[in-house]
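Under the UniProt record's numbering, the sequence shown has 314 at position 314, and the numbering climbs by one with no breaks. Encoded as structure tokens, the structure appears first; notes follow it.
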Amino acid sequence: MITKKAAIIDMGTNTFHLVLVELFDDHFHTIFKEKIPVKIGQGGISRNTIHPDARKRALHTLQHFKNLIDGESITEVFAFATSGVRNADNGAEFVTEIKDRFGIDVQVIDGIQEAQMIYEGIRLSGSLNGQIALMMDIGGGSVEFIIGNSQEALWKQSFEIGGQRMLDLFHYHDPILGEEVENLTTYLEEKLVPLVEAIHYYRPTGLVGASGTFDTLTDIYYASLHQSKSREQSTFQLPRDEFERIAQQLLTLNKEERLNIPGMIPMRVDMIVVASCLIEYILKFVPVDTLICSSFALKEGAISRLMGKHSLAPVSTR
């Protein structure tokens with residue numbers, strides 16, 4: 001029996017997601033979902049602002065989302081904003097404008113809350129088992145890392161080193177230069193000290209990547225096998241040697257050539273290069289043979305809570 005319908009809006013720094021769902025006691029049914037490359041961080045993220053052009057794209061997309069929500073007569077709308085909005089000096093003003101225009105209350109969540117919701121989404125996907133895994137979600141503004149298993153998140157932290165930030169700081173030439181990759185690696189060594197310490201302490205034996213870049217990497221891998229991914233499936237495997245092959249290819253091609261890779265999508269073509277460099281760096285510390293890729297992330301974490309599997313109250317900073 002259907003308990004209710006709900007809409008979840010995930011206002012990411014690179015992509016805005018809309019998911020319309022029917023909620024049951026122990027599962028959910030997706031009525032509709034859409035993702036749009038709003039790129040709210042473009043042109044302003046390095047200056048902690050939402051650029052006027054990005055704001056226009058965001059409002060246009062939210063109007064489109066509101067039309068779809070109203071078309072399904074959904075009144076329960078849960079909207080979340082992450083790094084691109086929470087770090088912008090004009091972020092609060094932007095959230096107020098959304099409320100005034102569309103009647104949508106946007107919850108601007110901090111990095112720890114974001115990491116917890118991503119963990120809950122990954123757990124809902126069935127990607128975890130009793131073993132300890134390192135989970136990562138590469139956003140446009142921030143990257144969340146969680147260490148845990150199917151029972152609990154043992155450690156979590158958000159780092160403001162997302163794809164748009166890495167792109168702005170290091171990817172000036174196309175194809176990316178070896179020197180730029182080296183500079184990015186040095187930057188990651190400096191920024192990710194707490195993560196490396198946590199990996200040494202908890203010793204995860206698996207690596208799970210959430211949505212975004214990992215979706216596209218598995219799309220490319222499946223396309224190379226002349227297969228398509230099942231829509232019913234929420235967890236996919238990417239052999240490490242296949243990831244290495246794809247990552248090497250991405251480093252040597254320019255944008256136009258990357259767009260021609262089967263499985264590539266235009267919204268991911270820029271950030272996937274620096275994102276792959278980040279994954280390469282992480283694999284130094286969690287040397288797995290297979291990357292597990294969860295198509296569930298923050299928005300499914302919100303769905304998990306709405307199904308009553310977790311409290312809808314703010315997440316504690318453990």
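Each residue gets a CB set at the ideal place from its N, CA and C atoms; glycine is no exception. Keep in mind it's a predicted model, so treat the numbers as computed, not measured.
Here the stretch 32-45 lies against the stretch 53-64, with 3 or more beta-carbon pairs under 8 Å apart.
When the five nearest sequence neighbours on each side are left out, the beta carbons in the same chain lying within less than 8 Å of the beta carbon of I118 are those of M135, D137, E144, I146, A210, A297, L298 and G301, in order along the chain.
DSSP places A223 within a helical segment (H, G or I) once states are collapsed to three.
In the structure shown, V288 adopts coil according to DSSP, grouped into three states.
In the three-state scheme derived from DSSP, where H, G and I count as helix and E and B as strand, D168 is classed as helix. Between V286 and I199, the CB-CB gap stays under 8 Å. Annotation for T290: Q237 and P239 place their beta carbon closer than 6 Å to its own, counting only its chain and skipping 5 residues before and after.
Under a 10 Å Cβ-count criterion, N260 is classified as exposed, with fewer than 16 other Cβ atoms of the shown protein chains found around its own Cβ. N14 is the residue among D10, A6 and N14 whose C-alpha sits nearest the C-alpha of R165.
The beta carbon of V19 lies closer than 6 Å to those of I8, K33 and K299 in the same chain, with the five residues before and after it left out. Going by DSSP, D100 is part of no beta strand (DSSP E) but of the alpha helix (DSSP H) stretching over G91 to F102. Here G148 is bridged, per DSSP, to A133 and A153. Counting along the chain, H29 sits inside no alpha helix (DSSP H); it lies in the beta strand (DSSP E) bounded by residues F28 to I36. Secondary-structure assignment with DSSP links Q107 through a beta bridge to F80.
In the three-state DSSP reduction, S73 falls in the coil class, being neither helix nor strand. In this structure, F80 sits near D10, with a CB-CB distance shorter than 8 Å.
In its chain, beyond the 5 residues on either side, D105 and V106 have a beta carbon closer than 8 Å to the beta carbon of K99. Beta-bridge annotation (DSSP): K5 is paired with E22.
Distance from the Cα of D215 is smallest, within the candidate group G126, Q249, D168 and R268, for R268. Non-local C-beta neighbours of I74 in its own chain, meaning closer than 6 Å and more than five positions away in sequence, comprise K5 and A7, ordered along the chain. In this structure, DSSP gives H60 a helical state, which the three-state scheme calls helix. For P194, the enclosing alpha helix (DSSP H) has its first and last residue at V193 to Y202. Remark: C-beta atoms of S125 and S294 approach each other more closely than 8 Å. In terms of Cβ geometry, D70 and R86 do not form a close pair [threshold 8 Å].
F94 places its beta carbon less than 8 Å from that of I50.
Here A58 is buried, its C-beta having at least 16 other C-beta atoms within 10 Å. DSSP places G209 within a strand segment (E or B) once states are collapsed to three. DSSP links P239 through a beta bridge to T290. It is roughly 25 Å from the alpha-carbon of T235 to the alpha-carbon of F78.
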